[in-house]
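Student: Throughout the sequence shown, residue numbering follows this note's numbering, covering 27 to 205 in sequence.
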Amino acid sequence: IEKRNEMAEEALDNVTFSKNEEKNSEIWDKKSDKLEESYNKALEKEEQTKLRPVAVSVNNLISAQRVQTGLEEADIIYESYVEGGITRLLAVYKDISKIAEIGTVRSARYNYVDLACGDDALFVHAGVDYDFCQPHIKQLGLDSKNMLENSYYKYAYRIKNGLALEHTLYTTGENIAKM
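1) Quick one: measure Cβ to Cβ for residue 196 and residue 125, integer angstroms, because I've assumed they're closer than 8 Å.
2) What whole-angstrom Cβ distance do residue 141 and residue 116 have, given they're in contact under 8 Å?
3) Give the C-beta separation of residue 147 and residue 118 to the nearest angstrom, bearing in mind that I take them to be a contact with Cβ-Cβ under 8 Å.
4) Pairs of beta-carbons, one from the region 93-106 and one from the region 161-171, closer than 8 Å: are there three or more?
5) Going by other Cβ atoms of all chains shown within 10 Å of its Cβ, with 16 needed for buried, is residue 90 buried or exposed?
6) For the beta strand (DSSP E) containing residue 162, list its first residue and its last residue.
7) Do you know offhand how far residue 112's Cα is from residue 96's?
Below, the structure written as structure tokens:
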């Protein structure tokens with residue numbers, strides 16, 4: 027009988043421990059879930075602050091202005107002379123993923139390399155001067171994506187708009203985010 031009582035007390039202690047363990051586990055799970063949720067929110071916020079701006083070289087010829095897209099959603103637009111009285115635009119977007127269409131995308135220019143670098147932006151363009159502009163991009167260490175290169179051409183598309191070929195290249199924010 028004495029041995030049975032000891033065994034019963036031992037069993038009772040184990041049951042009590044299991045109930046407390048279960049209760050503590052539930053409490054810990056709730057705290058753990060809240061901690062994980064808080065951690066995920068902090069990570070999400072950190073990722074948002076890590077989003078780099080994207081700078082896109084955009085055509086600004088008078089004949090091409092009617093086919094420009096995505097400029098109204100740019101956070102900054104720089105306009106600068108490129109040659110012979112012609113200007114080009116550099117559209118800078120803080121969050122490129124929301125932009126439905128951007129175009130027409132044009133070639134990199136020396137001064138836009140400096141502007142994109144100053145904004146710590148990913149620089150998206152269609153073509154580059156390999157004698158002056160490309161070495162400048164490398165010298166500054168600018169993250170640059172030439173949409174006419176094979177690896178990036180799949181992120182662009184052409185739209186027949188009645189203008190010359192150089193005025194027909196477009197992309198989307200979603201495509202740029204994939205680059």
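In this text, a Cβ means the ideal position worked out from N, Cα and C, and glycines have one as well.
Because the structure is a prediction, the values reported are computed rather than measured.
Tutor: According to the structure shown:
1) About 11 Å; that fails the 8 Å criterion.
2) 5 Å
3) 6 Å
4) no
5) buried
6) Residue 162 -> not in any beta strand (DSSP E); alpha helix (DSSP H) instead, spanning 159-166.
7) 20 Å
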